[in-house]
Each structure stands twice: as structure tokens, then as C-alpha cells.
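Notes follow the structure.
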Amino acid sequence: MQLEIAVVDIAGVAIAADEAADRIELCTRLDLGGLTASRDLFQESLCGAARLLQVHPLVRCRPGDFVYSAGEISTMARQIATFVTEGAAGVVFGALTCEGAIDGDGMTRLIDSAREANPQVEITCHRAIDQCRDPLSALLELAELGVSRVMSSGGAKTAGAGRVTLAAMHRIADGRLEIMAGGGLKIADIPALKTAGVNAVSSRPDGRAGDPPPRTGAWSEQPVRHQPERAILRRSPD
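Now the structure itself:
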């Protein structure tokens, strides 16, 4: 089971290394669902303990929804190119339309920006997919766009509660991309998630899930609030 930990500072990087994580999602302001980390923090994270880890910066230029303007997409594309050029093993982002579908044009531009800097870089679409009206169709579109990995709670309050949808996503992905469970993750959820075919999980150093941004547009619903988990997710020796 691959383990990713979202971190916001060098102390978090050290925790991830101590817990034998496979990679970190580097970001800031987890209380807002995560925003782009500074270039200085990124460069510092590439040193020291982080040499044991893959560094995957989150690129999200503002809090709120994932419906971005052309100018915001341009800003994110430049940030992605910089991170990848300077050594990021992967980048994490997602863009939607106001109708709750994948923004194909926006995602294509962001993916092209990453792959032009390094054709082998990994692309993760974050939990924006949990805000889609039809996450299974969105998954197929992301596979066609060349995304490496999708992080999702299966559209539920927690990854454990969304394991049936996560299992369906794993079947539909059919090896074309990886499904990573994230959001309110508990150690007790991992065996069932593994049985469902999920072989990667994401957590935070404090074990808290964080809240996704509210849905917006004509397809809006009441935002789902996540109950934070305070126990640190520790990797088992095996």
C-alpha cells in the first residue's frame, strides 16, 4: 500500500520520512483545503529528509471552488512548469467547469505544462473529482488526458464510507491510472480499501481529513462537512 502524506512545512516532511511515506503532497493552508506552497519551501523540501521521498507540490492558486479563469490557469501552468523544472517528481491539481465536469481545456494546458518540463512527471488530480456531478465519467476523461493518479474519497464524507465507489473507480480505471483513497482516512479502513483494489492512500501528519470546498453553480448541493480524525496515521512495518 503506497502512502502519501500532505505536509505544509519542513517538520511535516520529517514526519513523512519517519513514517516511511512514499511521497509527500507539499502545500500550505490545509485549513482551506490546500494551496500552492512557496518556492522556497519547495526547494527546502527537496533537501535533507525529503531526499527519501518523492515531492509532489499541490498547485492551487486560491481557495474556494475549482472553476478557474483563463488567467488563473495561466498562473498555475507557470507554477507547475517551475516546480517540475526544479525537481518535482509529480504535481497535484484539478480544474472543473461550472457545470461540475472536468475542465478538459484547462486540464490539458496544465498537463502539457508539466510534461513539457518533464515527460515522465506524475500527474495527480486531487479531490476535485469528488465535486463532479459524475465522478466515474470524470475518471474516464482524466485517464484519456493522461493523468497518473486520482485522489478521492469516493464522493463520501470519508474514504472508508466511499469504498464502494472507490472500488468502482478502480475497476473503471483498469490500470490506466491509480486510485488513491484520501479524506478522513482511518487505519481500520485500509484492509477494506485494499480488498476494493485501492493500493494507495493519502493522509495528513495529524491524521485530519480537511474539508473540501463547497460545490458551486447550477449543480450545487449543501457542502458536506468532514469530521476530522486526530490520530496520526502510521505506516505498519509490513
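Residue numbers for the sequence shown follow the numbering used here, so the first one is 12 and each next one is one higher.
Each residue gets a CB set at the ideal place from its N, CA and C atoms; glycine is no exception.
query: Residue burial classification, R89 (beta-carbon count within 10 angstroms, cutoff 16); result: exposed
query: CA-to-CA distance, L177 to E155, given in whole angstroms; result: 19 Å
query: Residue from K205, P130 and L52 with nearest C-alpha to I21; result: L52
query: E110: first and last residue of the uninterrupted alpha helix (DSSP H) it sits in; result: No alpha helix (DSSP H) contains E110, which DSSP labels as neither H nor E.
query: Cβ of D123 within 9 Å of any chain D Cβ; result: Among the chains in the structure shown there is no chain D, since it carries only a single protein chain.
query: Member of R120, S80 and A100 whose CA lies at the smallest distance from the CA of C109; result: S80
query: Nonlocal neighbours in the same chain, by C-beta distance under 8 Å from H67, ignoring five residues either side; result: E15, R34, I35, E36, L37, A99, A100, G101, V102, V103, E133 and T135
query: Separation of L64 from A32, as counted between CA atoms; result: 7 Å
query: Cβ-based burial, V24 [other Cβ within 10 Å; buried from 16]; result: buried
query: Close beta carbons around M180, own chain, < 8 Å, minus the five adjacent residues each side; result: P146, L147, L150, V161, S163, G165 and I190
query: Chain-order list of residues whose beta-carbon lies under 8 Å from that of R144 (same chain, five-residue window excluded); result: E110, G111, A112 and W230
query: Close Cβ partners of A125 (< 8 Å) along its chain, the five nearest in sequence each way excluded; result: I91, A92, V95, V102, V132 and I134
query: S85, DSSP secondary structure in three states; result: helix
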